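Numbering (this note's numbering), first residue to last: 68 to 448. Built from N, CA and C at the ideal position, the CB exists for glycine as well. Predicted, not measured: the structure shown is a model, and the values here were computed from it. Take a look at the structure below.
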């Protein structure tokens, strides 16, 4: 085994758990209706960041949630200041913040722009009011359109998230959402098939028969429609779920997909440094109490062996449409691709799920459609 090149973390993530309410499908680390915790949350995040001892310059910074823009303007300004203090951007760095359309007003956009935020990721999900009500979102289609337009004047890159395969949704319904997004000309569009996770109200509603999932054939057609319509409109399909105008890929997520190391802070945040993954307590109140009492916020630690790290890197990198170059992978991990997954790759090639030209392996269109089912074999020891 060759000696791997060990990366230095050049990315950071801050988690903001606050939301107006929890949507029925949401399984993220979120607290709804607990805005009174904001002051103590900010104090805890500041204390956690102080453990770094010195600011860490990064190429990409992502503030996600939850809904960071749900914070009151003063609290948002303080969070942005902390982020800038501890994770100063390098020249031409990317700073993303997630936002809810109803929070996008002139003053908050001004605060984001003044702080140096370069990219706003809007949780639009749909432009159709009936679908938004089903998803339990708190904005309308018109508010989503207005938010996209307003964001253009504040940041260099405007990104839009969309969800497909919601209960009762047809291919025509989804096509209308895609057309509405394309008409607004955002710089980046992410499309995610609805997943119903245990612990959500959607999970309970499905078990009681109150929600019916879209059939698999229609889900495939919706995903293929997204690829065809968005690429025809000039978007580059660069990752399983992501499309971008030239020069507007999400560089922060690309760091994840390359298997790069990254810092993280906040409740439920997970950092990856020196082959060690640490995940903070998901409970916001537990996180706050532990940090302010001088204890570690970490709830879980996963020490990955060099082989485990390499297998994970292979899976993440295969999500990219560009695929995985064997030479790059060997340099980055110290392992050959075929040393880890030759049998699985050969089988997937025979099934038409993977292309392999000897130098690069990448998912085919059929492989993209079933990608989630492929990863377990590639991660197998």
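Going by the CB atoms, is the gap between residue j and residue i shorter than 8 Å?
i           : j           : result
residue 191 : residue 168 : yes
residue 385 : residue 430 : yes
residue 219 : residue 194 : no
residue 76  : residue 340 : yes
residue 318 : residue 254 : no
residue 145 : residue 109 : yes
residue 370 : residue 338 : no
residue 91  : residue 258 : no
residue 242 : residue 292 : yes
Using DSSP's beta-bridge definition, name the partner residues of residue i.
i           : result
residue 309 : 257 and 306
residue 132 : 83
residue 402 : According to DSSP, residue 402 bridges with nothing at all.
residue 192 : 229
residue 370 : 343
residue 98  : 85
residue 391 : 428
Return the chain-ordered list of same chain residues with a C-beta closer than 6 Å to the C-beta of residue i, the five sequence neighbours on each side being excluded.
i           : result
residue 111 : 355, 358 and 359
Can you give me the start and stop residues for the beta strand (DSSP E) that residue i sits inside?
i           : result
residue 163 : 156 to 166
residue 79  : 78 to 83
residue 421 : 421 to 423
Over the uninterrupted alpha helix (DSSP H) stretch that includes residue i, give me the two end residues.
i           : result
residue 330 : Where residue 330 is concerned, there is no enclosing alpha helix (DSSP H), although the beta strand (DSSP E) it sits in stretches over 330 to 332.
residue 185 : Here residue 185 belongs to no alpha helix (DSSP H), and DSSP marks it neither H nor E.
residue 170 : Premise fails: residue 170 is in no alpha helix (DSSP H) and is neither H nor E.
residue 112 : 105 to 117
residue 151 : 140 to 153
residue 443 : 438 to 446
residue 240 : 238 to 251
residue 348 : Note, residue 348: premise wrong, no alpha helix (DSSP H); not H, not E.
residue 269 : 268 to 274
Leaving out the 5 sequence neighbours to the left and right, which residues in its chain are closer than 7 Å to residue i when beta-carbon positions are compared?
i           : result
residue 73  : Its pLDDT being 43, under 50, residue 73 is placed unreliably in this model, and the coordinates cannot settle the point.
residue 102 : 85
Is residue i close to chain C? Criterion is C-beta to C-beta, closer than 8 Å.
i           : result
residue 209 : Judged by its chain identifiers, the structure shown contains no chain C, having just a single protein chain.
Just the Cα atoms here: how many angstroms apart are residue i and residue j?
i           : j           : result
residue 394 : residue 143 : 43 Å
residue 115 : residue 377 : 29 Å
residue 135 : residue 84  : 8 Å
residue 391 : residue 434 : 14 Å
residue 205 : residue 197 : 12 Å
residue 244 : residue 227 : 11 Å
residue 388 : residue 361 : 44 Å
residue 235 : residue 176 : 35 Å
residue 87  : residue 233 : 22 Å
residue 441 : residue 405 : 16 Å
residue 281 : residue 260 : 10 Å
residue 273 : residue 279 : 6 Å
residue 216 : residue 188 : 13 Å
residue 446 : residue 379 : 7 Å
residue 248 : residue 164 : 19 Å
residue 333 : residue 239 : 40 Å
Note down, in chain order, each residue of its chain lying with its Cβ closer than 8 Å to the Cβ of residue i, except the 5 sequence neighbours on either side.
i           : result
residue 174 : 140
residue 322 : 77, 78, 126, 127 and 329
residue 304 : 294, 297, 298, 310 and 388
residue 416 : 422 and 423
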